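J.: Residue 204 is where the sequence shown starts when you use the numbering used here, and the numbers rise one by one after that.
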Amino acid sequence: MNLFEQFFAFMRQGGFDMWILLLLSIITVAIVIERYVFFARQHGDSTALLKQIGQRIATNDIKGAIDYCNKSRGMLPKVLAFGLQRGEKSRADITDALSIALLEQLNTLEANLPAVGTIAVIAPFVGLFGTVLGIIRAFQDIALKGNASPAVVSAGVAEALITTAAGLAVAVVAVIFFNYYKARIKAFNQEMIVAANKLAEMLHFHNTGAAIPTELYTPQARN
Numbered sequence: 204m205n206l207f208e209q210f211f212a213f214m215r216q217g218g219f220d221m222w223i224l225l226l227l228s229i230i231t232v233a234i235v236i237e238r239y240v241f242f243a244r245q246h247g248d249s250t251a252l253l254k255q256i257g258q259r260i261a262t263n264d265i266k267g268a269i270d271y272c273n274k275s276r277g278m279l280p281k282v283l284a285f286g287l288q289r290g291e292k293s294r295a296d297i298t299d300a301l302s303i304a305l306l307e308q309l310n311t312l313e314a315n316l317p318a319v320g321t322i323a324v325i326a327p328f329v330g331l332f333g334t335v336l337g338i339i340r341a342f343q344d345i346a347l348k349g350n351a352s353p354a355v356v357s358a359g360v361a362e363a364l365i366t367t368a369a370g371l372a373v374a375v376v377a378v379i380f381f382n383y384y385k386a387r388i389k390a391f392n393q394e395m396i397v398a399a400n401k402l403a404e405m406l407h408f409h410n411t412g413a414a415i416p417t418e419l420y421t422p423q424a425r426n
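1. Counting C-beta neighbours from all protein chains within 10 Å, is the total for R425 16 or more, i.e. buried, or is it exposed?
2. Is it right to say L347 is buried, meaning 16 or more other beta carbons lie within 10 angstroms of its own, or is it exposed?
3. Which residue wins for smallest C-alpha separation from A374, given the options A212, D344, T231 and D264?
4. If contact is defined by three or more beta carbon pairs under 8 Å, each pair taking one atom from either stretch, is the region 280 to 293 in contact with the region 331 to 347?
5. Among M395, G257, F332 and E291, whose alpha-carbon lies nearest the alpha-carbon of P416?
6. Give me the residue from D248, I388 and T366 with the minimum Cα distance to S275.
7. Is DSSP giving N426 helix, strand or coil here?
8. Around the C-beta of V319, are 16 or more other C-beta atoms found within 10 angstroms, so that it is buried, or is it exposed?
9. Roughly how many angstroms lie between the CA atoms of E208 and A368, to the nearest whole one?
10. Quick check on Q216: does DSSP put it in helix, strand or coil?
11. Is the beta carbon of Y384 less than 7 Å from the beta carbon of R244?
12. Can you tell which of A233, K254 and I322 has its C-alpha closest to the C-alpha of A372?
13. Assign F211 to buried or exposed, taking buried as 16 or more other Cβ atoms, counted over all protein chains shown, within 10 Å of its Cβ.
14. Are there 16 or more other CB atoms within 10 angstroms of the CB of Q308, so buried, or fewer, so exposed?
15. K281 to S302, Cα distance in whole Å?
16. How big is the Cα-Cα spacing for N400 and F242?
17. Using the rule of at least 16 other Cβ atoms within 10 Å of the residue's Cβ for burial, across every protein chain shown, is A233 buried or exposed?
18. Just confirm the distance between the C-beta atoms of L279 and L252, as a whole number of angstroms; I'd bet it's less than 8 Å.
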């Protein structure tokens with residue numbers, strides 16, 4: 204029996220619930236891959252981005268800063284471009300605009316993750332439901348055959364428990380990636396908030412005619 208045949212034999216043992224769990228696992232893997240590709244496409248160096256923007260603002264080249272953001276990939280450049288387009292307004296207006304842009308991008312960051320969280324919760328119950336049905340079938344078979352020997356009972360229960368094991372496996376994988384991406388979203392969102400606040404500060408100095416402190420866009424040396 205090859206691997207393919209073994210897989211289908213295992214699925215048949217678990218019953219209909221195994222196919223539901225297989226579907227849930229496919230959805231989980233698809234979302235995990237989609238989120239991985241999404242984060243890989245984001246701008247990876249906010250410090251370098253702020254440096255380029257800050258240098259342009261310092262030379263009164265707001266349009267150049269906007270163009271640079273538009274040419275950069277990821278959502279952070281889009282957020283900063285949104286604030287730069289309102290660069291002549293008051294600091295409060297710029298901050299409000301950046302806050303709106305950040306909230307919009309937060310929804311993009313969390314796209315599809317609620318589905319993974321839901322799968323992490325329901326997968327064990329789907330597996331448990333299959334186990335209950337399997338045990339019911341096992342005892343029905345025992346009643347029909349009139350044989351309640353330990354070997355017969357243990358074989359039926361072992362087969363029924365397959366769905367519980369599969370449900371827990373799917374749930375564990377879903378929980379791991381759900382928590383991983385939630386932590387990554389929190390860190391990325393915090394990075395965008397810091398960058399947005401620095402941009403608002405730079406534009407404030409620019410609008411008041413004061414020199415922009417280089418520490419706002421230049422990486423600080425570490426001791």
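In this text, a Cβ means the ideal position worked out from N, Cα and C, and glycines have one as well.
This structure is a prediction, so every number in the text was calculated from the model and none was measured.
T.: Walking through what the data contain:
1. On the sequence shown, residue 425 is found 222 positions in, with the first residue counted as 1. In this predicted model, R425 has a pLDDT of only 42, less than 50, meaning its place in the structure is not dependable; the value taken from the coordinates is given anyway. So R425 counts as exposed.
2. Taking the first residue of the sequence shown as 1, we reach residue 347 at position 144. In this structure L347 is exposed. Its beta-carbon is surrounded by fewer than 16 other beta-carbon atoms within 10 angstroms.
3. Residue numbering aside, residue 374 sits at position 171 when the sequence shown is read from its first letter. Closest in C-alpha terms to A374, from the list A212, D344, T231 and D264, comes T231.
4. no
5. Locating residue 416 in the sequence shown gives position 213, where the first residue counts as 1. Here the closest residue by C-alpha is G257.
6. The residue you call residue 275 lines up with position 72 of the sequence shown. Comparing Cα positions, the closest option is D248.
7. In the sequence shown, the residue the question calls residue 426 occupies position 223. Confidence in N426 is poor, its pLDDT being 41 and thus under 50, which makes the residue's placement unreliable; the coordinate value appears in the next sentence. Looking at N426 - three-state DSSP - the assignment turns out to be coil, as it is neither helix nor strand.
8. The residue given as residue 319 occupies position 116 in the sequence shown. With 16 or more other Cβ atoms within 10 Å, it is buried.
9. Along the sequence shown, read from residue 1 onward, the residue named residue 208 stands at position 5. Along the sequence shown, read from residue 1 onward, the residue named residue 368 stands at position 165. Approximately 20 Å, taken between the alpha carbons.
10. Reading the sequence shown from its first residue, position 13 is the one you call residue 216. The answer is helix: DSSP assigns Q216 an H, G or I state.
11. For the purposes of this step, residue 384 is identified with residue 181 of the sequence shown, where counting begins at 1. For the purposes of this step, residue 244 is identified with residue 41 of the sequence shown, where counting begins at 1. Result no, Cβ atoms of Y384 and R244 do not sit closer than 7 Å.
12. The residue you call residue 372 lines up with position 169 of the sequence shown. Considering only alpha carbons, the answer is I322.
13. Within the sequence shown, the letter at position 8 stands for residue 211. F211 should be labelled exposed.
14. One-based indexing of the sequence shown puts residue 308 at position 105. With 16 or more Cβ atoms within 10 Å of its Cβ, Q308 is classed as buried.
15. For the purposes of this step, residue 281 is taken as the residue at position 78 of the sequence shown. For the purposes of this step, residue 302 is taken as the residue at position 99 of the sequence shown. So the alpha carbons of these two residues sit roughly 13 Å apart.
16. Residue 400 sits at position 197 when you count from the first residue of the sequence shown. Residue 242 sits at position 39 when you count from the first residue of the sequence shown. Near 22 Å, if we compare the C-alpha coordinates of F242 and N400.
17. Walking along the sequence shown from the start, residue 233 turns up at place 30. Burial call: exposed.
18. Along the sequence shown, one-based indexing puts residue 279 at 76. Along the sequence shown, one-based indexing puts residue 252 at 49. Right, the Cβ-Cβ distance comes to about 7 Å (below 8 Å), so this counts as a contact.
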